[in-house]
Amino acid sequence: MTEAAPAEERAKILQEQREMRQNALVDLKPYFVTLDDLDGPIDWSRLFGNENPVEIDIGCGKGKFVVDAAQEFPERNYLGIETDFGKGRHGARRLQKRSLPNGRILGGDVRVALDRFIKPTSVADFDVFFPDPWWKRRHKCRRLFTAELVEQMITALKPGGHVTSWTDVEDYFEVIAALMDGHPSFHTLPTPAELQPADDTDYRTSFERKKRQAGETIHRGLWQLTVED
Ligand SMILES: C[S@@+](CC[C@H](N)C(=O)[O-])C[C@H]1O[C@@H](n2cnc3c(N)ncnc32)[C@H](O)[C@@H]1O
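Numbering (the numbering used here), first residue to last: 1 to 229.
In structure tokens, the structure reads:
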């Protein structure tokens, strides 16, 4: 595992900020669209041009997972949803540069997206990597992984679909596990193993890299929607 020196890390952040400013001027459609661009529920086959399974990365940040996975698994479609348009556009620019047809980023609040724009039983899998914990009482309404989000994911998932969630915040993982373990609609699958990264890019998300390089323990959960008989 390599840890970037502070000067190197600062240079990387400045470079990313420069790219974000430049990206703000680039037309990124169809790689980046916002909820305001949509006029109704998303038709996956129109968005991606195929009928392949769709995996949604909730709070995708700068889209590392969406870009890497779209590249590695061309037979699946990946949609990142991100409220911070600067970060979302950063990921979309990387998809655009690689001309990846199976990766898209939607700018907006995932709760609104699930409420109005994602069709029921249309999503293969959800990922919620490193959601912000928002512990302070006055910030609690911003917390993402809640009972309401769980019900929204259940509505959107296809039978047998998965929810993956990772976090470095142990107390938040307990909240997540309490919502998911024992939920009548899910069963808990074995904890995914922690893989040793081959290099600095070999992490699932930017936050996984940041937290593991800082020596934090990562808590990982995987649940599967029960298939009704
Ligand atoms: C701690 S970051 C993790 C980013 C990425 N998943 C990773 O692992 O590197 C959490 C992300 O969730 C986004 N987010 C928070 N609330 C959201 C919401 N309601 N809808 C969509 N994205 C949200 C934030 O803007 C932020 O980019």
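Think of the CB as a built atom: it goes at the ideal place given N, C-alpha and C, for glycine as much as any other residue.
Query raised in the report: Around the Cβ of D43, are there at least 16 other Cβ atoms within 10 angstroms (buried) or fewer (exposed)?
Result: Residue mapping note: residue 43 aligns to position 43 of the sequence shown, counting from 1. Per the 10 Å Cβ criterion, exposed.
Requested in this report: Please confirm whether E148 and H219 have their CB atoms less than 8 Å apart.
Outcome: Taking the first residue of the sequence shown as 1, we reach residue 148 at position 148. Taking the first residue of the sequence shown as 1, we reach residue 219 at position 219. Cβ distance not < 8 Å, so E148 and H219 don't count as in contact.
Query raised in the report: Bridge partners of Y78, per DSSP?
Result: Counting from one through the sequence shown, the residue named residue 78 turns up at place 78. For Y78, which the question treats as bridged, DSSP gives the partners E55 and G103.
Report task. Compare the beta carbon distance of F126 and D168 with 8 Å and say whether it is the shorter of the two. Result -> Counted from its first residue, the sequence shown places residue 126 at position 126. Counted from its first residue, the sequence shown places residue 168 at position 168. Against a cut-off of 8 Å, the Cβ pair of D168 and F126 comes out as no contact.
Report task. Answer with buried or exposed for T205, where buried requires no fewer than 16 other C-beta atoms within 10 angstroms of its C-beta. Result -> One-based indexing of the sequence shown puts residue 205 at position 205. T205 comes out buried.
Query raised in the report: Under the rule that 16 or more other beta-carbon atoms within 10 Å means buried, what is C60, buried or exposed?
Result: Here residue 60 refers to the residue found at position 60 of the sequence shown. So C60 ends up on the buried side.
Report task. Pick helix, strand or coil for D200, following the three-state DSSP scheme. Result -> The residue given as residue 200 occupies position 200 in the sequence shown. Three-state DSSP puts D200 in coil, outside helix and strand.
Requested in this report: Would you mind working out which of F48, R94 and Y78 sits nearest I246, comparing C-alpha positions?
Outcome: This structure leaves residue 246 out entirely; the chain is present only between 1 and 229.
Query - heavy atom of ligand 1 below 7 Å from C141 C-beta - result: Counting from 1 along the sequence shown, the entry for residue 141 is found at position 141. No, the beta carbon of C141 sits no closer than 7 Å to any heavy atom of ligand 1.
Query raised in the report: Leaving out the 5 sequence neighbours to the left and right, which residues in its chain are closer than 8 Å to G161 when beta-carbon positions are compared?
Result: Residue mapping note: residue 161 aligns to position 161 of the sequence shown, counting from 1. Closer than 8 Å at the Cβ level, and outside the excluded window around G161, lie V123, A124, D125, F126, Q224 and L225.
Report task. For the beta strand (DSSP E) holding G161, just list the boundary residues, first then last. Result -> Translated into positions along the sequence shown, residue 161 becomes position 161. Its beta strand (DSSP E) spans residues L157 to T167.
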